[in-house]
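Undergrad: My questions all concern the structure below.
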Amino acid sequence: MLLILDSLTRVAHAAREIGILLGEPGAARGYPPSALATITKLIERAGNSEESGGAITGIYTVLADGDDQNDPVVDTARAILDGHIVLSREIAQRGQYPAVDVGASLSRVMNDIVPSEYAALARRFRALSATYEANRDLVMMGAYRQGADPLLDEAIALHPRMCQFLSQASEESIDVATAFAQMSELVGHAA
1 MLLILDSLTR VAHAAREIGI LLGEPGAARG YPPSALATIT KLIERAGNSE
51 ESGGAITGIY TVLADGDDQN DPVVDTARAI LDGHIVLSRE IAQRGQYPAV
101 DVGASLSRVM NDIVPSEYAA LARRFRALSA TYEANRDLVM MGAYRQGADP
151 LLDEAIALHP RMCQFLSQAS EESIDVATAF AQMSELVGHA A
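Here it is, written out as structure tokens:
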């Protein structure tokens, strides 16, 4: 079964209002403990456990107030979900869609559900992406001297193709095997 919920933030806001009306003191940025506990209970009801007796795949959206990744709702969801895909306003402003922030996104179960060679490719892609993003300002200002860091040299060379790989039109679809074949061609070997 598939559960799609938009959004955990709205659930938390509603639970916060109820908690405040019941006289609970606000704790984390005005959220009473019961509001964040509501999110935890809701998420834990989906999934495979002896208690639930079934398996529900849940896809939840979380709206970060002011893009704050340390917002209590974001933090609570990130702590209990098996993975998260973070969409970035900055990446969207560059015209890349979907605006997935590879460095901030994570899957805790990837190693359990994909072949090891796919996981290795994903780790290499993340490493190259993170290296580029950590040095983006130096590269953009022209302050980086080629040859100083071989991994950064490779990340700079591959960056346009990596952005293209991550971009997809809304009507476009691609299967997992094709995506990993393309990723393997892109980052499967050292430059």
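Quick note on numbering: UniProt numbering labels position 26 of the sequence shown as 26, and the sequence is numbered without any gaps. Just so it is clear, CB atoms sit at the ideal spot from N, CA and C, and this is done for glycine as well.
Could you tell me which residues DSSP pairs with H84 in its beta bridges?
TA: L106
Undergrad: Going by DSSP, what residue range makes up the alpha helix (DSSP H) through Y118?
TA: 116-134
Undergrad: Taking the alpha-carbon positions, what's the E172 to R161 distance?
TA: 18 Å
Undergrad: For L3, which residues from the same chain have a beta carbon less than 6 Å from its beta carbon, with the 5 sequence-adjacent residues on both sides left out?
TA: Closer than 6 Å at the Cβ level, and outside the excluded window around L3, lie A46, I56, G58.
Undergrad: Write down every uninterrupted run of the alpha helix (DSSP H) in the region 15-81 whose length is 4 residues or greater and which is fully enclosed by it, in chain order.
TA: 33-45, 72-80
Undergrad: Compare the C-beta of E171 against all C-beta atoms of chain B and say whether one is closer than 8 Å.
TA: Here chain B cannot be found, since the structure has a single protein chain.
Undergrad: Report the partner residues of V139 according to the DSSP bridge assignment.
TA: Note: V139 sits in no beta bridge, so no partner.
Undergrad: Going by other Cβ atoms of all chains shown within 10 Å of its Cβ, with 16 needed for buried, is D71 buried or exposed?
TA: Under this definition D71 is a buried residue.
Undergrad: According to DSSP, what are the bridge partners of I4?
TA: I59
Undergrad: Here's a check: name, in chain order, each residue in its chain whose Cβ is nearer than 7 Å to the Cβ of A155, leaving out the five neighbours to either side.
TA: L128, T131, Y132
Undergrad: Could you check the C-alpha separation between residue 192 and A179 for me, to the nearest Å?
TA: This structure leaves residue 192 out entirely; the chain is present only between 1 and 191.
Undergrad: Please report the residue range of the alpha helix (DSSP H) in which E171 lies.
TA: E171 -> no alpha helix (DSSP H), and no H or E assigned at all.
Undergrad: Which residues does DSSP list as the beta-bridge partners of V100?
TA: L87
Undergrad: So, under 8 Å CB-CB, T38 and V11 are touching, yes? Tell me the CB distance rounded to an integer number of Å.
TA: Indeed they touch by this definition, with Cβ atoms about 7 Å apart.
Undergrad: To which residues of the same chain is Y31 closer than 6 Å at the C-beta, ignoring the five residues directly before and after it?
TA: R16, P72
Undergrad: Should L152 be labelled buried (16 or more other beta-carbon atoms within 10 Å of its own) or exposed?
TA: buried
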